[in-house]
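K.L.:
Numbering (the numbering used here), first residue to last: 31 to 210.
Ideal Cβ placement from N, Cα and C applies to all residues, glycine included.
Structure below; questions to follow.
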Amino acid sequence: GTDGTVVWKDLDALKCDGSEAALEHCAGFSSVWNDTSAVCNGHDDDLIIQCNSEAEGDVKIIPVEEDDASYGRLEIFHDGAWGTVCSLGFSNLAANVACKQMGYTSGTVAASGCVIVSSATMGFMCGEASQRVWLDDATCEGTEDHMMDCPRLPFSLEDRCGHDLDVLVQCARSTTIDKG
């Protein structure tokens, strides 16, 4: 780009299979790096890449409906594994913290316990039997940046809460309407 950043062109030539440790190990990398013939319109065609890594205290939603990633069972990453969050003591303030940690603007408790997600198959939105219920009695004040900052019981290998009490959250992004 004209601002001094490197612009890789013709990314279609880059062929990665996912086992590479770095982009330069992908087939076609040399043609992408050395291609000066392709034309980009400034930074209008920039590609954004989001890397997924799991870190202690990360939270995610397991969606109830495939087309709505903002509503579902809340899970937290601890000790190398995802686990569920108990609804006991979990308030809208805690849901708000969890949703903001995931990049939403707000959140609420949508349900407590298992919910039927398909009446035809009687599918339920509960944690897997092999999953831990990692987080219990999270009593957030609403000002915390991460769920790990909330007062809570310590992580335990002993489930104090069953999957029938897994919490479901509804997260939201605020929208601004231009009336002009």
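DSSP three-state call for residue 129: helix, strand or coil?
P.N.:
Three-state result, residue 129: helix.
K.L.:
Between which two residues does the beta strand (DSSP E) holding residue 114 run?
P.N.:
Residue 114 -> beta strand (DSSP E) spans 111 to 115.
K.L.:
Look up residue 104 in the DSSP assignment and give the residues it is bridged to.
P.N.:
Answer is 91.
K.L.:
Does the count of Cβ pairs from the stretch 126 to 134 and the stretch 156 to 163 closer than 8 Å reach three?
P.N.:
No, because fewer than three Cβ pairs between the stretch 126 to 134 and the stretch 156 to 163 fall closer than 8 Å, the two stretches do not touch.
K.L.:
Rounding to the nearest angstrom, what Cα-Cα distance links residue 195 and residue 170 in this structure?
P.N.:
One C-alpha to the other measures close to 18 Å.
K.L.:
Along the chain, where does the beta strand (DSSP E) containing residue 140 start, and where does it finish?
P.N.:
First-last of the beta strand (DSSP E) with residue 140: 136 to 142.
K.L.:
Rounded to the nearest angstrom, what separates residue 165 and residue 184 at their Cα positions?
P.N.:
Going from the Cα of residue 165 to the Cα of residue 184 covers about 8 Å.
K.L.:
Measuring straight from C-alpha to C-alpha, what distance separates residue 86 and residue 177?
P.N.:
The alpha-carbon atoms of residue 86 and residue 177 are separated by roughly 11 Å.
K.L.:
DSSP three-state call for residue 118: helix, strand or coil?
P.N.:
Reduced to three states, the DSSP call for residue 118 is coil.
K.L.:
Quick one: what's got a C-beta closer than 6 Å to residue 120's C-beta in the same chain, skipping five residues either side?
P.N.:
Only 168, 197 meet the Cβ criterion.
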